[in-house]
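In our numbering, the protein residues as written are 106 to 461.
Read the structure below first, then the notes.
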Ligand code: ATP
Ligand code: MG
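Shown next as structure tokens:
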């Protein structure tokens, strides 16, 4: 029996509701498979913990998480706690502390979801966006001089290292190679930014030599936004910098039809540390406690987690169950339905059990 230790951090708002749903589906998959088991420990960290203890997680938080194979994360953020406190207090220390340098966002139009693009349905849009998650524009390098004066100057320097760019590029090429179309688009802005972005282009060309079976092209980020809208079928795997991919992946989530279905993985491909999987949506306090949060993003990120843990069969089974249920019209209000979180979860668990 294979064993996987999962640290669950439900955190704030609808986080606990969707993580509870996700854990039920994972449990159903483990029982269905009979070949692996999940040992789940739930950590009560987040904004409520902050109000009591002055920190979002205890000082030895990372040391405790390190023992796990993966982290299943809900959402963090509360109306009465400043954004920078929640951002820097929990998610970012985990991403940085565990060097989760690949942020991976699969994007597909699920059955039962009405996407905003005309003539674009399930099958027309099947992407994975790989975001460099450790350096670049969000390296935090820069400063302000003459603060508040008319001559004030602020700098915001992007840091690109050969090691950092090479490792994300290799990850993206490997991922593209593992997908049926073996197609990669490398996104930069190397016409206007002459240093880091040109290095990205050069490293892409170097790394591509090790992946002769991958077809790849280069795209400027501005042109890429148009291509995503006008020719979604021409795209498969995408790699871009921290900032560019941040923007492109929000566009991708919108084109796929709903924030409530979009998942993400923060991955340490070398597996030195646990990777973290989460829905991309936030804590959504406007619907917290109503029992109507869409659990699909959390199911999907659970599938990403299973794949990372080597349980590819279970991951596929989970996505088949999700698609069966969404396609049947049993969906939450954000997708135009009337189902509750629990009804969708029960249906997905039943589909997992019932499948031959
Ligand atoms: P954050 O600052 O943490 O990103 P936010 O309020 O800016 O939070 P979200 O929490 O992602 O953004 O919510 C944006 C909108 O999408 C809200 O109206 C919310 O209700 C809706 N939403 C987000 N996630 C879901 C979900 N899983 N199911 C249904 N609706 C959702
Ligand atoms: Mg937000």
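Even glycine gets a Cβ: it sits at the ideal position worked out from N, Cα and C.
In the DSSP assignment, what residue or residues form a beta bridge with residue i?
i: residue 241; result: 264
i: residue 158; result: Looking at the DSSP assignment, residue 158 forms no beta bridge with any residue, so it has no partner.
i: residue 324; result: 292
i: residue 143; result: 109
i: residue 248; result: 260
i: residue 207; result: 237 and 372
i: residue 231; result: 213
i: residue 116; result: 180
Tell me whether residue i, by its Cβ, gets closer than 7 Å to a heavy atom of ligand 1.
i: residue 212; result: no
i: residue 195; result: no
i: residue 391; result: yes
i: residue 413; result: no
i: residue 221; result: no
i: residue 224; result: no
i: residue 399; result: yes
i: residue 123; result: yes
i: residue 187; result: no
i: residue 402; result: yes
i: residue 433; result: no
i: residue 180; result: yes
i: residue 364; result: yes
i: residue 388; result: yes
i: residue 439; result: yes
i: residue 384; result: yes
i: residue 199; result: no
i: residue 273; result: no
i: residue 457; result: no
i: residue 119; result: yes
Measuring straight from C-alpha to C-alpha, what distance separates residue i and residue j?
i: residue 365; j: residue 107; result: 31 Å
i: residue 313; j: residue 288; result: 12 Å
i: residue 121; j: residue 254; result: 46 Å
i: residue 392; j: residue 114; result: 19 Å
i: residue 315; j: residue 437; result: 45 Å
i: residue 455; j: residue 215; result: 19 Å
i: residue 400; j: residue 450; result: 7 Å
i: residue 465; j: residue 398; result: The question about residue 465 has no answer, for the chain in this structure spans 106 to 461.
i: residue 203; j: residue 226; result: 37 Å
i: residue 426; j: residue 412; result: 16 Å
i: residue 222; j: residue 396; result: 29 Å
i: residue 159; j: residue 194; result: 10 Å
i: residue 323; j: residue 172; result: 39 Å
i: residue 281; j: residue 363; result: 25 Å
i: residue 283; j: residue 374; result: 14 Å
i: residue 261; j: residue 346; result: 15 Å
i: residue 220; j: residue 358; result: 10 Å
i: residue 164; j: residue 187; result: 20 Å
i: residue 131; j: residue 201; result: 27 Å
i: residue 296; j: residue 236; result: 20 Å
i: residue 116; j: residue 460; result: 32 Å
i: residue 388; j: residue 123; result: 10 Å
i: residue 381; j: residue 407; result: 10 Å
i: residue 184; j: residue 390; result: 8 Å
i: residue 169; j: residue 269; result: 27 Å
i: residue 351; j: residue 179; result: 19 Å
i: residue 153; j: residue 310; result: 48 Å
i: residue 213; j: residue 428; result: 11 Å
i: residue 135; j: residue 189; result: 37 Å
i: residue 300; j: residue 267; result: 12 Å
Look at the Cβ atom of residue i, then the Cβ atom of residue j, and state whether they are nearer than 8 Å.
i: residue 118; j: residue 182; result: yes
i: residue 349; j: residue 292; result: yes
i: residue 353; j: residue 234; result: yes
i: residue 379; j: residue 405; result: no
i: residue 331; j: residue 340; result: no
i: residue 207; j: residue 276; result: yes
i: residue 410; j: residue 155; result: no
i: residue 230; j: residue 360; result: yes
i: residue 112; j: residue 146; result: yes
i: residue 109; j: residue 141; result: yes
i: residue 278; j: residue 319; result: yes
i: residue 435; j: residue 448; result: yes
i: residue 167; j: residue 151; result: no
i: residue 343; j: residue 290; result: yes
i: residue 458; j: residue 133; result: yes
i: residue 127; j: residue 403; result: yes
i: residue 205; j: residue 308; result: no
i: residue 259; j: residue 241; result: no
i: residue 294; j: residue 302; result: yes
i: residue 256; j: residue 249; result: no
i: residue 370; j: residue 209; result: yes
I'd like to know whether the C-beta of residue i is nearer than 8 Å to at least one C-beta of chain B.
i: residue 376; result: You won't find chain B in this structure, because it holds only one protein chain.
Residue ranges of each alpha helix (DSSP H) run of no fewer than 4 residues wholly in the segment 341–397, ordered along the chain? 347–360
Let me know the alpha helix (DSSP H) ranges lying completely inside the segment 161–191, each 4 residues or longer, listed in chain order. 166–170 and 188–191
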